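Student:
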Amino acid sequence: MDCTKCSICRSRCLVERLGGASITSVLNEAAEKGAWNCSNCWKCIDACPQEFDIYNAIIEKRRLEEAPRAYREAFAGICRNGYIFPIEELNTIREMWGLNKIELVGPEVIRKLIKEC
Ligand code: SF4
Ligand code: SF4
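In my numbering, the protein residues as written are 1 to 117.
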């Protein structure tokens, strides 16, 4: 169903409660941007009386808004290393904590997955 701009989602949103602008502000025409400000708690979706597809709205708006620098750097890191952060030392750190080593997927596999998406 259509969004009626009732603001219920906005009143439940954690980002809004902390003073930020999320997709809930965008939907209610209280801000032009905010789709990237989200904790993925989905309280907005649970609260919407119209069962409006807020998740899809977030994705659509993200296509129109430039991602924040941290996201762009994270994505560049994934394309370059296969992971957001270089984690060659992961198994060393795991060993320090008494955890078993894990087998990591190589960056070429991650890049292939991204390309196929
Ligand atoms: S998305 Fe739902 S809760 Fe949010 S303003 Fe629109 S109708 Fe109201
Ligand atoms: S999913 Fe995002 S927009 Fe929705 S309530 Fe949580 S932080 Fe706000």
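Note that CB positions come from ideal geometry on N, CA and C, so glycine has one too.
Model, not experiment: these values are computed from the prediction.
Compute the beta-carbon to beta-carbon distance between cysteine 44 and cysteine 9, rounded to the nearest angstrom, for a pair I have assumed lies under 8 Å.
Tutor: 4 Å between Cβ atoms; contact.
Student: For glycine 115, which of helix, strand or coil comes out of DSSP?
Tutor: First, the residue type needs correcting, since residue 115 is lysine and not glycine in the sequence shown. Helix, per DSSP.
Student: Distance check for valine 109 and asparagine 81, CA to CA, integer angstroms please.
Tutor: One C-alpha to the other measures close to 10 Å.
Student: Using DSSP with H/G/I as helix, E/B as strand and the rest coil, what is alanine 76?
Tutor: Three-state result, alanine 76: helix.
Student: Could you give the DSSP three-state label for serine 39: helix, strand or coil?
Tutor: In this structure, serine 39 counts as coil in the three-state DSSP scheme.
Student: Under a Cβ-count criterion, where at least 16 other Cβ atoms within 10 Å of its own Cβ denotes burial, should alanine 35 be classed as buried or exposed?
Tutor: Alanine 35 comes out buried.
Student: Closest to isoleucine 54 by C-alpha separation, out of Gly77, Met96, Val26, would be which residue?
Tutor: Looking at the Cα atoms, Val26 is the closest of the given residues.
Student: Grouping DSSP H, G and I as helix and E and B as strand, with all else coil, what is isoleucine 8?
Tutor: In this structure, isoleucine 8 counts as helix in the three-state DSSP scheme.
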